[in-house]
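K.L.:
Have a look at this one before I ask anything.
There are 2 protein chains.
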Amino acid sequence: MSGKIGIKDVAAAAGVSITTVSHALNGKGRLPTETRERVREIADRLGYRPNVNARNLAGGRTGLVALTVSQEPELAFQLGDFDYFASLIRYATTAALARGFALAALPPVADNEDVFHHLPLDGAIVVDPVPGDRSLDYLRSQRTPIVTTGRPVDVAAEEEEGYWIDNEHIEGMRSVLDHLAEVGAERIALVLPSYPASYVADMRRGYVEWCAARACEERIVMARDLTEPAGFEAARSLLDGPEPPDAIYASLDRLAIGALMAAETRGIEVPGALRVACCTDSYAARHAATPLTTLALNPEQIGEEAANMLIDLVEGVEPRPRHRFIPTKLLPRESTLGGTAVATGAA
Amino acid sequence: MSGKIGIKDVAAAAGVSITTVSHALNGKGRLPTETRERVREIADRLGYRPNVNARNLAGGRTGLVALTVSQEPELAFQLGDFDYFASLIRYATTAALARGFALAALPPVADNEDVFHHLPLDGAIVVDPVPGDRSLDYLRSQRTPIVTTGRPVDVAAEEEEGYWIDNEHIEGMRSVLDHLAEVGAERIALVLPSYPASYVADMRRGYVEWCAARACEERIVMARDLTEPAGFEAARSLLDGPEPPDAIYASLDRLAIGALMAAETRGIEVPGALRVACCTDSYAARHAATPLTTLALNPEQIGEEAANMLIDLVEGVEPRPRHRFIPTKLLPRESTLGGTAVATGAA
DNA sequence: CACGAGTGACAAAGCGTTTTTGCAACTGCT
DNA sequence: AGCAGTTGCAAAAACGCTTTGTCACTCGTG
Numbered sequence: 606m607s608g609k610i611g612i613k614d615v616a617a618a619a620g621v622s623i624t625t626v627s628h629a630l631n632g633k634g635r636l637p638t639e640t641r642e643r644v645r646e647i648a649d650r651l652g653y654r655p656n657v658n659a660r661n662l663a664g665g666r667t668g669l670v671a672l673t674v675s676q677e678p679e680l681a682f683q684l685g686d687f688d689y690f691a692s693l694i695r696y697a698t699t700a701a702l703a704r705g706f707a708l709a710a711l712p713p714v715a716d717n718e719d720v721f722h723h724l725p726l727d728g729a730i731v732v733d734p735v736p737g738d739r740s741l742d743y744l745r746s747q748r749t750p751i752v753t754t755g756r757p758v759d760v761a762a763e764e765e766e767g768y769w770i771d772n773e774h775i776e777g778m779r780s781v782l783d784h785l786a787e788v789g790a791e792r793i794a795l796v797l798p799s800y801p802a803s804y805v806a807d808m809r810r811g812y813v814e815w816c817a818a819r820a821c822e823e824r825i826v827m828a829r830d831l832t833e834p835a836g837f838e839a840a841r842s843l844l845d846g847p848e849p850p851d852a853i854y855a856s857l858d859r860l861a862i863g864a865l866m867a868a869e870t871r872g873i874e875v876p877g878a879l880r881v882a883c884c885t886d887s888y889a890a891r892h893a894a895t896p897l898t899t900l901a902l903n904p905e906q907i908g909e910e911a912a913n914m915l916i917d918l919v920e921g922v923e924p925r926p927r928h929r930f931i932p933t934k935l936l937p938r939e940s941t942l943g944g945t946a947v948a949t950g951a952a
Numbered sequence: 606m607s608g609k610i611g612i613k614d615v616a617a618a619a620g621v622s623i624t625t626v627s628h629a630l631n632g633k634g635r636l637p638t639e640t641r642e643r644v645r646e647i648a649d650r651l652g653y654r655p656n657v658n659a660r661n662l663a664g665g666r667t668g669l670v671a672l673t674v675s676q677e678p679e680l681a682f683q684l685g686d687f688d689y690f691a692s693l694i695r696y697a698t699t700a701a702l703a704r705g706f707a708l709a710a711l712p713p714v715a716d717n718e719d720v721f722h723h724l725p726l727d728g729a730i731v732v733d734p735v736p737g738d739r740s741l742d743y744l745r746s747q748r749t750p751i752v753t754t755g756r757p758v759d760v761a762a763e764e765e766e767g768y769w770i771d772n773e774h775i776e777g778m779r780s781v782l783d784h785l786a787e788v789g790a791e792r793i794a795l796v797l798p799s800y801p802a803s804y805v806a807d808m809r810r811g812y813v814e815w816c817a818a819r820a821c822e823e824r825i826v827m828a829r830d831l832t833e834p835a836g837f838e839a840a841r842s843l844l845d846g847p848e849p850p851d852a853i854y855a856s857l858d859r860l861a862i863g864a865l866m867a868a869e870t871r872g873i874e875v876p877g878a879l880r881v882a883c884c885t886d887s888y889a890a891r892h893a894a895t896p897l898t899t900l901a902l903n904p905e906q907i908g909e910e911a912a913n914m915l916i917d918l919v920e921g922v923e924p925r926p927r928h929r930f931i932p933t934k935l936l937p938r939e940s941t942l943g944g945t946a947v948a949t950g951a952a
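Those sequence lines, one after another, are chains L and H. Throughout the first sequence, residue numbering follows the numbering used here, covering 606 to 952 in sequence. Throughout the second sequence, residue numbering follows the numbering used here, covering 606 to 952 in sequence.
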């Protein structure tokens with residue numbers, strides 16, 4: 606009574622039936638633009654919010670979409686380990702909520718399939734899909750709408766036909782390398798995780814192309830996993846090599862932090878003798894021993910757009926472009942800028 | 606047809622009406638235990654999952670609960686800044702989902718009220734409520750069920766009558782101080798944020814009591830806010846004072862990290878000349894220049910229990926104890942353990 | 001042996017939407 | 001004038017569950 610205003614209240618106020626209100630608000634049915642507008646305006650004025658449960662129930666949806674990070678069991682890391690994921694999840698959640706969907710961020714556990722089984726999903730966002738991911742296969746077999754973040758690399762056709770949001774990794778790579786060259790680096794090494802996600806391939810390609818264009822020697826080292834120790838090892842192998850690099854670009858913040866530690870144990874000054882940069886901005890990167898120059902990936906936008914694209918799909922609207930590239934942004938910091946010595950010693 | 610099994614299928618399989626199934630599964634109505642059991646078993650065997658939307662629609666619920674961090678505008682930090690919140694949110698979300706509720710983690714913005722207005726909430730979890738929080742007032746005025754994490758300190762009666770989950774801060778404080786004393790500290794200082802949450806008062810009290818019992822001098826410094834620079838300043842004022850402490854217990858990881866930096870600029874060795882510990886375990890604490898001994902608060906359990914308590918409330922079940930204290934756990938690390946010098950230099 | 005008081009179970013009425021179907025009232029064309 | 005085709009809207013049927021009201025049946029009791 607006094608509480609929430611429903612579709613009936615709007616109908617009454619507009620002097621039409623609830624059918625008309627529903628049609629007007631959802632762009633369905635045959636209504637003259639004038640009526641549509643009028644109803645919309647009235648609904649707006651009354652502050653009408655459709656009841657999500659009723660809407661989903663009637664629409665045959667569950668109103669639940671999931672987000673999960675695709676990954677190989679060996680590399681198991683927890684969702685939320687990275688600021689990147691935290692931001693992405695947060696914005697995806699908000700965007701979904703605004704459209705009447707709840708988003709569940711599923712922890713990447715081995716038996717994801719089990720989890721999916723028990724969850725009535727309308728769709729899913731899969732972050733950084735890797736080949737052989739069983740949850741992806743399961744979702745596909747269920748014909749559940751999927752949007753990936755990063756391109757799927759397992760099914761060849763999928764890259765063309767699937768729906769995804771991705772960063773402009775190649776261009777981003779170029780901007781980092783250009784920056785490093787600008788501040789004086791001449792032997793730039795790249796540390797990549799041995800991880801079959803599309804971004805790794807993109808970064809490698811961007812690096813190779815850039816090197817080719819400048820006739821620079823390629824120095825690529827693969828990191829064992831995605832942690833500091835792996836970055837530490839990778840950087841050590843570079844620094845102890847015959848012709849050590851004067852810049853290291855690590856594909857992940859944690860790898861770069863490992864690289865910083867490696868430099869310190871070898872008594873190599875950053876950024877004096879070695880410049881270090883990484884991809885993915887984070888708290889850890891900002892507060893590293895030497896604040897790290899990073900290539901920000903804009904996970905906020907990725908999360909938001911992925912959620913919206915997925916919900917379009919769920920609602921039967923073909924997303925206009927099936928793919929979208931999100932620009933990256935270089936954030937230069939002390940680790941590459943010689944600058945004044947800043948009084949900061951710890952994390 | 607082929608797809609999901611609904612209440613009707615269970616009813617058919619059990620040879621009863623859907624009413625009976627509903628009653629059996631929800632513990633309502635008058636049914637002999639035998640029937641109840643039988644229906645439950647069959648539902649289980651069939652893998653029946655009630656449709657969340659239908660359930661909520663019929664039950665007059667919205668199925669949405671929110672989680673928000675109470676805070677003073679000046680101290681605005683983003684949700685997810687702290688590992689603590691990330692864990693808490695994650696576990697609360699999962700617990701809510703398991704009971705058919707979606708949990709929205711609301712960003713703590715100034716006009717929270719506006720957000721709440723537009724969200725059909727069944728209940729809310731408010732983390733670390735502070736006096737004068739407008740969203741809390743709003744929720745209370747709407748008679749929305751609330752569970753707080755940390756005790757509410759604004760309405761005197763609320764502390765008794767409200768529903769909350771809290772840490773055993775006093776005992777935790779004792780365990781940290783005992784540990785510091787054990788490793789040789791004699792002049793232990795406490796850095797607290799000037800922040801009117803209950804945990805701050807608890808920590809102060811625990812500290813004061815402990816000092817009184819041992820006839821130690823109290824050294825409490827208030828930090829300007831919750832960031833590294835604030836911890837830096839606070840620690841500096843201690844270290845530059847007449848009788849500098851030989852141990853600093855900071856109430857937050859970021860404050861402790863600031864303290865580490867302060868020690869370094871003064872050339873004070875940690876843990877040799879100064880032991881540092883903090884509350885709230887986090888990535889930053891583990892990977893600080895000197896890995897920090899921390900008092901883990903177990904946000905996972907807090908989040909889970911808060912969600913369950915809230916949903917009990919929403920479903921009209923009076924939570925058995927209205928309050929629950931979650932134990933803390935001391936995690937000793939290098940910053941207080943003299944031990945061998947570990948080769949770690951950076952974040 | 002009639003009668004109220006329990007039991008056990010069900011039919012049916014919502015819950016607030018979307019969607020399908022139907023039905024007038026127009027239009028324009030022969 | 002007659003008829004198909006369009007246009008503008010509404011009534012009603014889902015959607016899958018919870019809840020209410022009620023019926024039938026079994027006891028103990030007076």
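For each residue, glycine too, the CB sits at the ideal point set by N, CA and C. These figures come from a predicted structure and were not determined experimentally.
Is the CB of residue 825(H) under 8 Å away from at least one CB in chain L?
P.N.:
So no, residue 825(H) is outside the interface.
K.L.:
Using a Cβ-Cβ cutoff of less than 6 Å, which residues in the same chain neighbour residue 565(L) once the five nearest sequence positions on both sides are dropped?
P.N.:
There is simply no residue 565(L) to check, as chain L begins at 606 and stops at 952 in what is shown.
K.L.:
Just to confirm, is the Cβ distance from residue 885(L) to residue 689(L) under 8 Å?
P.N.:
Contact: yes.
K.L.:
Taking buried to mean at least 16 other C-beta atoms within 10 Å of its own C-beta, is residue 774(H) buried or exposed?
P.N.:
By the 10 Å Cβ count, residue 774(H) comes out buried.
K.L.:
Looking at C-beta atoms only, is the number of pairs between the stretch 897 to 912 of chain L and the stretch 765 to 773 of chain L that lie closer than 8 Å three or more?
P.N.:
They touch, by the three-pair rule.
K.L.:
Please name the residue, chosen from 795(L), 872(L), 617(L), 940(L), that lies closest to residue 788(L) on a Cα-to-Cα basis.
P.N.:
Out of 795(L), 872(L), 617(L), 940(L), 940(L) has the C-alpha closest to the C-alpha of residue 788(L).
K.L.:
So what does DSSP say about residue 735(L), is it helix, strand or coil?
P.N.:
DSSP places residue 735(L) in coil when its eight states are reduced to three.
K.L.:
Which residues in chain L have a C-beta closer than 8 Å to the C-beta of residue 698(H)? List them in chain order.
P.N.:
In chain order: 709, 710.
K.L.:
If I follow the unbroken beta strand (DSSP E) through residue 928(L), where does it start and stop?
P.N.:
Residues 928 to 931.
K.L.:
Find the residues of chain L that neighbour residue 820(H), judging by a C-beta separation of less than 9 Å, and give them in chain order.
P.N.:
Chain L residues near residue 820(H): none, gap ~34 Å exceeds 9 Å.
K.L.:
Pick out whichever of 776(H), 744(H), 707(H), 799(H) has its Cα sitting closest to the Cα of residue 931(H).
P.N.:
The shortest C-alpha separation from residue 931(H) is found at 776(H).
K.L.:
Helix, strand or coil: which one does DSSP assign to residue 800(L)?
P.N.:
Residue state, collapsed to three classes: coil.
K.L.:
Quick one: what does DSSP say residue 633(H) is sitting in, helix, strand or coil?
P.N.:
The answer is coil: DSSP assigns residue 633(H) none of H, G, I, E or B.
K.L.:
Keeping to the same chain, check which residues put their C-beta closer than 6 Å to that of residue 803(L); ignore five residues upstream and five downstream.
P.N.:
Here the set comprises 755, 756, 758.
K.L.:
Three or more C-beta pairs under 8 Å: does that hold for the stretch 873 to 882 of chain H against the stretch 810 to 821 of chain H?
P.N.:
Contact fails: fewer than three Cβ-Cβ distances are below 8 Å.
K.L.:
Hey, would you say residue 867(H) sits closer than 8 Å to residue 891(H), going by beta carbons?
P.N.:
For residue 867(H) and residue 891(H), no; Cβs fall outside 8 Å.
K.L.:
Is residue 953(H) close to chain L? Criterion is C-beta to C-beta, closer than 8 Å.
P.N.:
No answer is possible for residue 953(H): the residues shown for chain H start at 606 and end at 952.
K.L.:
Helix, strand or coil for residue 674(L)? Go by DSSP, reduced to three states.
P.N.:
Here residue 674(L) sits in strand by DSSP.
K.L.:
Given this structure, state the Cα-to-Cα distance separating residue 949(H) from residue 824(L), to the nearest angstrom.
P.N.:
Residue placement at residue 949(H) is poorly supported in this model, since its pLDDT is 41, which falls under 50; the coordinates are not used for a value here.
K.L.:
Can you name the residues of chain L whose CB is closer than 7 Å to the CB of residue 702(H)?
P.N.:
Per Cβ cutoff of 7 Å: 709.
K.L.:
Which residue's Cα is closest to the Cα of residue 657(H): 701(H), 752(H), 687(H), 880(H)?
P.N.:
Looking at the Cα atoms, 701(H) is the closest of the given residues.
K.L.:
What are the partner residues of residue 827(H), as DSSP defines its beta bridges?
P.N.:
Looking at the DSSP assignment, residue 827(H) forms a beta bridge with 797(H).
K.L.:
Contact check, residue 711(L) vs residue 669(L) under 8 Å by CB: the rounded distance?
P.N.:
Their Cβ separation, rounded to whole angstroms, is 11 Å, which puts residue 711(L) and residue 669(L) out of contact at 8 Å.
K.L.:
Going by DSSP, name the residue or residues bridged to residue 935(L).
P.N.:
900(L), per the DSSP bridge assignment.
K.L.:
I'd like to check one pair, residue 794(L) with residue 852(L): are the Cβ atoms closer than 8 Å?
P.N.:
Cβ atoms of residue 852(L) and residue 794(L): closer than 8 Å.
K.L.:
Quick one: grab the DSSP three-state call for residue 942(L).
P.N.:
It is coil, neither helix nor strand.
K.L.:
Could you name the residues of the same chain whose beta carbon sits closer than 8 Å to that of residue 624(H), not counting the 5 residues immediately before and after it, in chain order?
P.N.:
So the qualifying residues of the chain are 634.
K.L.:
May I have the straight-line CA-CA distance separating residue 642(H) from residue 629(H), to the nearest angstrom?
P.N.:
Computed Cα separation, rounded: 8 Å.
K.L.:
How big is the Cα-Cα spacing for residue 703(H) and residue 612(L)?
P.N.:
C-alpha separation (whole angstroms): 30 Å.
K.L.:
Kindly indicate which residue of 626(H), 687(H), 664(H) has the alpha-carbon position closest to the one of residue 887(L).
P.N.:
Out of 626(H), 687(H), 664(H), 687(H) has the C-alpha closest to the C-alpha of residue 887(L).
K.L.:
Answer with yes or no whether the minimum CB distance from residue 811(H) to chain L is below 8 Å.
P.N.:
Taking Cβ atoms only, chain L never reaches closer than 8 Å to residue 811(H), which makes this a no.
K.L.:
Going along the stretch 749 to 769 of chain H in order, which residues come within less than 7 Å of chain L, judged by CB to CB distance?
P.N.:
Here the close residues number zero.
K.L.:
From which residue to which residue does the beta strand (DSSP E) around residue 880(H) run?
P.N.:
Start and end: 880 to 884.
K.L.:
Would you decide whether residue 638(L) is buried or exposed? Buried here means 16 or more other CB atoms lie within 10 Å of its CB.
P.N.:
So residue 638(L) ends up on the exposed side.
K.L.:
Please state the DSSP three-state secondary structure of residue 768(H).
P.N.:
If DSSP states are grouped into helix, strand and coil, residue 768(H) belongs with coil.
K.L.:
Compare the C-alpha of residue 904(H) against each of 631(H), 698(H), 648(H) and name the closest.
P.N.:
Checked all of 631(H), 698(H), 648(H); the closest Cα to residue 904(H) is 698(H).
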